Amino acid sequence: MEYRCLGSPADFKEKAVKLKVDTTGVLFMLVTDPEPVTDFKTNEPKIEGGKAVYQLRLVVMGDGEADVILVKVAGQPSGLVPGSQVQVERLTAQPWSMGDRAGIAYRADKITGATGSGSRSAA
Numbered sequence: 003m004e005y006r007c008l009g010s011p012a013d014f015k016e017k018a019v020k021l022k023v024d025t026t027g028v029l030f031m032l033v034t035d036p037e038p039v040t041d042f043k044t045n046e047p048k049i050e051g052g053k054a055v056y057q058l059r060l061v062v063m064g065d066g067e068a069d070v071i072l073v074k075v076a077g078q079p080s081g082l083v084p085g086s087q088v089q090v091e092r093l094t095a096q097p098w099s100m101g102d103r104a105g106i107a108y109r110a111d112k113i114t115g116a117t118g119s120g121s122r123s124a125a
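Residue 47 in this note's numbering sits at position 45 of the sequence shown; the count goes up by one each step and never skips.
Structure representation (structure tokens):
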């Protein structure tokens, strides 16, 4: 699996560039339970659209390769079991830079258990 970004991270510093990620043929597996995200400045839970933001560590598998990414989502995903396959809806990637550090922030509209993957069902 190859990730490429045209230009340097500094090129994106002034712009909020969100790239849609094509997840066709890609499998996602949950590594750890969802964790709440805290606001860096206030140390309070981060809220977006009235929902708490959670981060999930996922293994991404495709094209014979695998990688681990951290994906944030508004609203607490429920019924997910670490080690199970998950469905990621509308995944975006946003390059960022801060001083001499740079990376890619991943966001999803929704993360749910994949059908037949061993996720817990609500009773």
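The beta carbon of each residue, even a glycine, is placed where N, CA and C say it ideally should be. Keep in mind the model is a prediction, meaning the values are calculated, not measured.
Whole-angstrom distance between residue j and residue i, CA atom to CA atom
| i | j | result |
| --- | --- | --- |
| Lys-74 | Lys-48 | 11 Å |
| Ser-99 | Ile-71 | 17 Å |
| Gln-78 | Gly-51 | 13 Å |
| Asp-35 | Val-55 | 13 Å |
| Ala-68 | Leu-29 | 9 Å |
| Ala-116 | Gly-85 | 12 Å |
| Arg-105 | Ala-95 | One point to set straight first is that residue 105 is Gly, not Arg, in the sequence displayed. So the two alpha carbons sit approximately 10 Å from each other. |
| Lys-53 | Glu-46 | 13 Å |
| Asp-102 | Ala-76 | 29 Å |
Residues near residue i by beta carbon distance below 8 Å, same chain, minus five either side
| i | result |
| --- | --- |
| Ala-125 | Note that Ala-125 scores 33 on pLDDT, short of 50, meaning its location in the model is unreliable and no value can be drawn from it. |
| Glu-91 | Ala-110, Asp-111, Lys-112, Ile-113, Thr-114 |
Cβ-based neighbour list, residue i, same chain, cut-off 6 Å, excluding 5 preceding and 5 following
| i | result |
| --- | --- |
| Met-31 | Val-61, Gln-87 |
| Tyr-108 | Ile-71, Val-73, Ala-95 |
| Gln-89 | Thr-114, Ala-116 |
| Gln-57 | Glu-37, Val-39, Leu-72, Lys-74 |
| Ser-80 | none |
Integer-rounded CB distance, given that residue j should sit under 8 Å from residue i
| i | j | result |
| --- | --- | --- |
| Ala-110 | Leu-93 | 5 Å |
Close Cβ partners of residue i (< 7 Å) along its chain, the five nearest in sequence each way excluded
| i | result |
| --- | --- |
| Gly-27 | Gly-64 |
| Arg-59 | Val-33, Thr-34, Val-70, Leu-72 |
| Thr-44 | none |
*asked:* Extract the residue ranges of the beta strand (DSSP E) inside the stretch 47–89, only unbroken runs of 3 or more that lie entirely within it.
replied: Listed in chain order, the beta strand (DSSP E) runs fully inside the stretch 47–89 are 53–64, 67–76, counting runs of at least 3 residues.
_I'd like to know if the stretch 20–28 and the stretch 37–54 are in contact, where contact means that at least 3 CB-CB pairs between them fall below 8 Å._
no
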